[in-house]
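Sequential numbering of the sequence shown, starting at 236, is according to this note's numbering.
By construction, the Cβ of each residue, glycine as well, lies at the ideal position given by its N, Cα and C atoms.
Inspection log for the structure reproduced underneath, given as structure tokens.
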Amino acid sequence: MIDWVLLADLGTALGTTVLAIATFASTRSANRSARLAERALLEGMRPILLPSNWSDATQKVRFMEGKWLIVHGGRAALEIADEAVYLVLSVRNSGAGVAVLHGWHLPENPQAQLASTDEFHRLTRDIYVPTNDAGFCQVAIRDPESTDFQRAVEGARGAGFAVDVLYGDAEGSQRVVSRFFITRGPAGRTGDAGGGAESDAADGADSEWLLMVSRHWNLDLPNPRG
């Protein structure tokens with residue numbers, strides 16, 4: 236004799252299982268689509284800073300004590316005084332989103348490991364670099380006894396020094412650290428101009444400072460190098 240109650244229960248159980256599988260597949264597909272949409276959205280907001288082009292416009296940048304520096308495209312401007320170091324980097328945002336600069340750090344050497352963001356100096360004003368356009372990052376070291384001051388002075392007198400720049404997108408996410416390297420141009424290297432060259436190397440006056448980038452670290456996403 237056929238047990239119709241049992242068959243009904245089995246049918247209900249089978250239908251529930253099929254529905255659960257279909258719901259799981261649908262949810263998984265929806266999650267995958269949402270992740271792809273999120274990645275596309277983030278990609279459209281992601282900044283990346285590089286040295287600006289040599290053909291980019293010259294910029295004049297003011298520091299809060301009234302000091303002005305002029306920086307040319309693709310280069311840096313550096314001045315070392317008794318009480319402060321002033322540095323401006325001419326950068327270009329090659330990413331798809333606006334870059335919002337957060338801070339800077341001078342590593343011990345260009346090959347040093349990336350420091351914690353707690354060690355970065357926060358900028359005193361908001362600096363935005365539009366996408367596919369040139370902008371700047373400014374650094375002021377006002378403590379002659381600090382390690383940063385010594386690294387800048389020694390680097391200026393030698394082969395150069397590195398500056399790590401911390402920035403992110405307009406939403407405050409997708410943080411990146413780009414390591415720039417500042418070195419004296421061929422015409423202004425120590426020893427090229429007799430006794431006065433060492434003095435020029437110390438204060439950065441009448442010197443052309445070249446700007447390069449060596450590394451990028453993603454803090455909120457996988458790194459480019461994996």
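Do D361 and S325 have their C-beta atoms within less than 8 Å of each other?
Taking the sequence shown and counting its residues from 1, one reaches residue 361 at position 126. Taking the sequence shown and counting its residues from 1, one reaches residue 325 at position 90. Cβ atoms of D361 and S325: not closer than 8 Å.
How close, in whole Å, do the beta carbons of A319 and A375 come, if the pair is a contact with beta carbons under 8 Å?
Here residue 319 refers to the residue found at position 84 when the sequence shown is read from its first residue. Here residue 375 refers to the residue found at position 140 when the sequence shown is read from its first residue. 6 Å between Cβ atoms; contact.
Limits of the unbroken beta strand (DSSP E) element including G403:
In the sequence shown, the residue the question calls residue 403 occupies position 168. Looking at the DSSP string, the run of the beta strand (DSSP E) that includes G403 is 396 to 403.
Spatial distance of L304 from L313 (CA atoms):
As a working mapping, residue 304 is identified with position 69 in the sequence shown. As a working mapping, residue 313 is identified with position 78 in the sequence shown. Rounded to the nearest angstrom, the two C-alpha atoms are 8 Å apart.
Looking only at its chain, what residues have a beta carbon closer than 8 Å to the beta carbon of A350, apart from the 5 residues adjacent to it on each side?
In the sequence shown, the residue the question calls residue 350 occupies position 115. Taking A350 as the centre and dropping the five residues before and after it, the same chain places the C-beta of H340, P342, D399 closer than 8 Å to its C-beta, in chain order.
Rounded C-alpha distance that separates L249 from G403:
As a position in the sequence shown, residue 249 is number 14, starting the count at 1. As a position in the sequence shown, residue 403 is number 168, starting the count at 1. The straight-line gap separating the alpha-carbon atoms of L249 and G403 is approximately 51 Å.
DSSP three-state label for I283, please.
To locate residue 283, count along the sequence shown from 1; it is residue 48. It is coil, neither helix nor strand.
Could you name the residues that DSSP lists as bridge partners for A331?
Within the sequence shown, the letter at position 96 stands for residue 331. According to DSSP, which records beta bridges pairwise, A331 is partnered with nothing at all.
Who are G338's beta bridge partners in DSSP?
For the purposes of this step, residue 338 is taken as the residue at position 103 of the sequence shown. When DSSP reads this structure, G338 sits in a beta bridge with R357, L401.
Going by other Cβ atoms of all chains shown within 10 Å of its Cβ, with 16 needed for buried, is W444 buried or exposed?
Here residue 444 refers to the residue found at position 209 when the sequence shown is read from its first residue. In summary, W444 is buried, with 16 or more beta-carbon neighbours lying within 10 Å of its beta-carbon over all protein chains present.
Assuming E343 is part of the beta strand (DSSP E), what are its boundary residues?
Translated into positions along the sequence shown, residue 343 becomes position 108. If you look at E343, you'll find it isn't in any beta strand (DSSP E); DSSP assigns it neither H nor E.
Following the continuous alpha helix (DSSP H) through T466, name the residue where it begins and the one where it ends.
This structure gives no information on residue 466, because the portion of the chain shown stretches from 236 to 461.
Where A248 sits in the DSSP three-state scheme:
The sequence position of residue 248 within the sequence shown is 13, counting from 1. DSSP places A248 in helix when its eight states are reduced to three.
Looking at the structure shown, is G390 part of a helix, part of a strand, or coil, going by DSSP?
Counted from its first residue, the sequence shown places residue 390 at position 155. If DSSP states are grouped into helix, strand and coil, G390 belongs with the helices.
Could you round the C-beta distance between H337 and L322 to whole angstroms and report it? I think they count as a contact, below 8 Å.
Here the question's residue 337 lines up with position 102 in the sequence shown. Here the question's residue 322 lines up with position 87 in the sequence shown. 17 Å between Cβ atoms; not a contact.
Give every residue of the same chain whose Cβ lies closer than 8 Å to the Cβ of V411, excluding the five residues on either side of it in the sequence, and list them in chain order.
By 1-based counting over the sequence shown, the position of residue 411 is 176. If you ignore the 5 residues before and after V411, its C-beta comes within less than 8 Å of the C-beta of P282, I283, L284, L401, Y402, G403, H451, W452, N453, L454, all in its own chain and listed in chain order.
Excluding sequence positions up to five away, which residues of its chain have a Cβ less than 6 Å from the Cβ of D383?
In the sequence shown, counting from the first residue as 1, residue 383 sits at position 148. Exclusion of the five residues before and after D383 leaves L341, I376 as the residues of its chain whose Cβ lies within less than 6 Å of its Cβ.
Since F416 and A397 should fall inside the 8 Å C-beta cutoff, what is the C-beta to C-beta distance between them, to a whole number of angstroms?
Here residue 416 is taken as the residue at index 181 of the sequence shown, counted from 1. Here residue 397 is taken as the residue at index 162 of the sequence shown, counted from 1. At roughly 5 Å, the Cβ-Cβ gap stays under 8 Å, so F416 and A397 are in contact.
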